[in-house]
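Residue numbers (the UniProt record's numbering): 1 to 323. Every residue, glycine too, gets a C-beta built ideally from N, C-alpha and C. Let me begin by presenting the structure, written as structure tokens, before commenting on it.
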Amino acid sequence: MLFERGFFSSNHASEIEMALKPWDVQLEINDPIHNHFELEYLNLPGMSVYRERYNGTSQLIGVPPPNRLMICAPVGNLEQSSILNDGLLNDQVYATNFDLLDINYGANHENLVIEIDLTHKFENGFALPLEKLTSQTRQFALAQSTADVIHLQNTLRNVLRLGSQISPSRQLRGISAISIEIQAALTQVVIPNDLAPSHIGSSAAVRAVKTMLEHLHTHLLDWSSVSELCANIGVQQRTLERGVRAQFDCTVVQFLRKWRLTAARQRLVAIGPNEGKVSEIAMSFGFFDLGRFASAYRTCFGEYPSETLAASSRQATPLLLLK
Numbered sequence: 001m002l003f004e005r006g007f008f009s010s011n012h013a014s015e016i017e018m019a020l021k022p023w024d025v026q027l028e029i030n031d032p033i034h035n036h037f038e039l040e041y042l043n044l045p046g047m048s049v050y051r052e053r054y055n056g057t058s059q060l061i062g063v064p065p066p067n068r069l070m071i072c073a074p075v076g077n078l079e080q081s082s083i084l085n086d087g088l089l090n091d092q093v094y095a096t097n098f099d100l101l102d103i104n105y106g107a108n109h110e111n112l113v114i115e116i117d118l119t120h121k122f123e124n125g126f127a128l129p130l131e132k133l134t135s136q137t138r139q140f141a142l143a144q145s146t147a148d149v150i151h152l153q154n155t156l157r158n159v160l161r162l163g164s165q166i167s168p169s170r171q172l173r174g175i176s177a178i179s180i181e182i183q184a185a186l187t188q189v190v191i192p193n194d195l196a197p198s199h200i201g202s203s204a205a206v207r208a209v210k211t212m213l214e215h216l217h218t219h220l221l222d223w224s225s226v227s228e229l230c231a232n233i234g235v236q237q238r239t240l241e242r243g244v245r246a247q248f249d250c251t252v253v254q255f256l257r258k259w260r261l262t263a264a265r266q267r268l269v270a271i272g273p274n275e276g277k278v279s280e281i282a283m284s285f286g287f288f289d290l291g292r293f294a295s296a297y298r299t300c301f302g303e304y305p306s307e308t309l310a311a312s313s314r315q316a317t318p319l320l321l322l323k
């Protein structure tokens, strides 16, 4: 398939996380009652374009996949929204080539996004913009005119609309035209302007958090204390505490507990009501007091684990990003 276009919506954090694959992220919903996520997307060779909306306040944390570049144009309700604690502006476009994902979205936040596969072979004319975008290792706001930002936003809205009008007999020509239009609009934003760094710098605390997150994805329970975890990953406990407090406003113990709760929720959603028991899943993630587990789970997600497991008609989620 040369391209794929679709729409996805959900109120469930685990479904949203699956829809955002291969980004390895966890979504923390701060307002489960009003939470709703909507996504309109168009997958093209080498890139995806999508429009996302978060109705409730939420936080995305995790580690981005390799060889991916995300160019984000916030278009609505930026109050209380930030990337790595750096507030967003609606007259900027953000290129994110960072090693730690930490994004806060305020209520009714909306983004237009370009996702680029850096292993894809684009035409030579797009080489310089990509070089500028990928030559840095942190998050950057592109320093360009408001008119360029508006042009890029309008281009992305237009290509999402045009994607539904491409007939099978004209796929090659239509997809090529859309891709060229996106590249031209992005080039206008980047060239001849330089990238201006944000105020978020690389620090030992940030690196410690990144190391912890990478370790937790494959070694969730191979430690019995924070000091043992720090010894396993080779970071100072005080440094990790500073990083977690700065990034997530909690202690390492609180963060690890939420991480395990979220992992348990993902398992409950994935297995379905007839393939496992809440008690088995709780214990597999280190929760041996089932009463406390159920109470903590409900506090985090607004429902009991048994209710998550009983939900039998989960909406199918799209593979949004590039294969």
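Problem set entry | Buried or exposed (CB count within 10 angstroms, at least 16 for buried), residue 154 | exposed
Problem set entry | Cα-Cα separation, residue 289 to residue 42 | 45 Å
For this session: On a CA-only basis, which of 178, 72, 105 and 214 is nearest residue 31? Give me that one, please.
Result: 105
Problem set entry | residue 72 (DSSP reduced to helix, strand or coil) | strand
For this session: Helix, strand or coil for residue 190, going by three-state DSSP, please let me know.
Result: helix
Problem set entry | beta strand (DSSP E) segment containing residue 234, residue limits | Taken as a continuous stretch (DSSP letters only), residue 234 belongs to no beta strand (DSSP E), as it is neither H nor E.
Problem set entry | Proximity below 8 Å, CB of residue 180 to CB of residue 45 | no
Exercise. Among 80, 302, 214 and 234, which residue has its Cα nearest to the Cα of residue 101?
Worked result: 214
Exercise. Which same chain residues, not among the five before or five after residue 62, have their C-beta less than 6 Å away from its C-beta?
Worked result: 24, 25, 26 and 101
For this session: Report buried or exposed for residue 251, applying the criterion of at least 16 other Cβ atoms within 10 angstroms of its Cβ.
Result: exposed
Exercise. Can you list the beta strand (DSSP E) stretches of 3 or more residues lying completely in the region 91-137, in chain order?
Worked result: 93-96, 101-105 and 109-117
Exercise. For residue 293, which of helix, strand or coil comes out of DSSP?
Worked result: helix
Exercise. Where does residue 249 land, buried or exposed, given buried means 16+ other C-beta within 10 angstroms?
Worked result: exposed
For this session: Assign residue 59 to one of three DSSP states: helix, strand, or coil.
Result: strand
Exercise. Distance, Cα to Cα, residue 110 vs residue 209?
Worked result: 27 Å
Exercise. What are the start and end residues of the alpha helix (DSSP H) that includes residue 327?
Worked result: The structure shown has nothing for residue 327, since the chain only spans 1 to 323.
Exercise. Given that a residue counts as buried once 16 or more other Cβ atoms are within 10 Å of its Cβ, and exposed if not, what is residue 14?
Worked result: buried
Exercise. For residue 149, which of 302, 67 and 72 has the nearest alpha-carbon?
Worked result: 72
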